[in-house]
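Below you'll find the structure, written out as C-alpha cells, and then a few comments.
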Amino acid sequence: MTVRPILTLADPALRQPARAVDDFTGVATLVSDLLDTLYATRNAVGLSAPQLGEPLAVAVVDVSERRDSPLVLINPQLLTSSGYDVNTEGCLSVPGVHGKVGRANRIELQAQRLDGDWQQLKAADFLAAAIQHELDHLAGRLFIDQLPRWRQRWLYWRHPQWQRAG
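Per the numbering used here, the sequence shown starts with residue 873, numbered consecutively.
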C-alpha cells in the first residue's frame, strides 16, 4: 500500500494541464497509488494524478458507500452534459475549504481502461459532479475557481500560502 502526499494549492503543478497517457507501462502502479491514497482519506470520493505530482491524465472516483467500486479514468473526455445542480464541494488539495459549485447533473464521457481500451460511461447526480471535479484537476483547474471572486479573494487573504505567482 503506497499512500502518497497530496499537493496543496500552494504547489503550481496543480495549475498545469495533465498530459495524455501514451505509454500504459507503469499506469497500473499510479492507479494503485491513487486508490491507496484516496482510501486512506476519511471521506474523499476522487483523486487525480496531478494531485500526486504526476502530470498525467489519470483519475479515480469511488462514490460507493463502502468505498469498494472504483472508477478508473485514463485520458477521459467529456462528450455531453445536461442539467444543472449546485452542490457543496471540497478538495483534498484545498484542505478545510468548501463551497457551492454548479455542475451538469448528467454527463457522458469516454475514457481508457488500464489495458488502453476505450469505454463510454454515463453518470448522473453525485457521480457526475465527482467526475467533473476530477476532470477539472486534469485541466489545471480547482473547484475554488468557480466560486465568486469575492470568495476567492477572501480565501487567498485567509491563506496567503496559497497565493498564485503573478
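By construction, the Cβ of each residue, glycine as well, lies at the ideal position given by its N, Cα and C atoms.
ask   = Are the beta-carbon atoms of Thr880 and Pro967 separated by less than 9 Å?
value = Yes; because the gap between Cβ atoms is below 9 Å, this pair is in contact.
task = Go ahead and label Ala890 buried or exposed: buried means 16 or more other beta carbons lie within 10 angstroms of its beta carbon, across all protein chains shown.
result = Residue environment: Ala890 is assigned as buried (16 or more neighbouring CB atoms within 10 Å of its CB, all protein chains considered).
task = Taking only the alpha-carbon atoms, compute the straight-line gap between Ala1037 and Arg887 and give it to the nearest angstrom.
result = With a pLDDT of only 47 at Ala1037, under 50, the local geometry of the prediction cannot be trusted, and no value is derived from it.
Beta-bridge pairing of Ile946 - partner residues as DSSP gives them = Bridge pairing for Ile946: Val930, Gln984 [DSSP].
ask   = In the DSSP assignment, what are the bridge partners of Val966?
value = According to DSSP, Val966 bridges with Cys963.
task = Please classify His861: is it buried, with 16 or more other beta-carbons within 10 angstroms of its beta-carbon, or exposed?
result = In the structure as shown, the chain starts at 873 and stops at 1038, and residue 861 therefore has no counterpart that could be examined.
request  = Keeping to the same chain, check which residues put their C-beta closer than 7 Å to that of Val917; ignore five residues upstream and five downstream.
outcome  = Counting only Cβ-Cβ distances below 7 Å, and skipping sequence neighbours, we find Val933, Asp934, Val935, Ala1002.
task = Could you tell me the boundaries of the beta strand (DSSP E) in which Leu993 lies?
result = Bounds of the beta strand (DSSP E) holding Leu993 are 990-996.
request  = My understanding is that Val930 touches Val893, with C-beta atoms under 8 Å, so please give their C-beta distance in whole angstroms.
outcome  = About 6 Å separates the two Cβ atoms, so the contact holds.
ask   = Leaving out five residues before and five after Leu993 in sequence, what residues of the same chain have Cβ atoms less than 6 Å from its Cβ?
value = Once the five neighbours on either side are set aside, the close Cβ partners of Leu993 are Leu981.
inquiry  = Using 9 Å as the threshold, is the C-beta distance between Asp987 and Gly925 below it?
reply    = Their beta carbons are not under 9 Å apart, which means Asp987 does not touch Gly925 by this criterion.
request  = Reducing DSSP to helix, strand and coil, say where Pro973 ends up.
outcome  = Reading the sequence as shown, one finds Val at residue 973 and not Pro. Here Val973 sits in strand by DSSP.
query = How far does the alpha helix (DSSP H) with Ser904 in it reach, from first residue to last?
reply = Per DSSP, Ser904 belongs to the alpha helix (DSSP H) from 899-911.
request  = For Arg939, name the three-state secondary structure that DSSP assigns.
outcome  = DSSP places Arg939 in coil when its eight states are reduced to three.
query = Under the three-state reduction of DSSP, which class applies to Gly1038: helix, strand or coil?
reply = Because the pLDDT of Gly1038 is 40, which lies under 50, any placement of that residue in the model is unreliable, and the question is left without a value.
ask   = At which residues does the beta strand (DSSP E) containing Leu919 begin and terminate?
value = Here the beta strand (DSSP E) through Leu919 covers 918-920.
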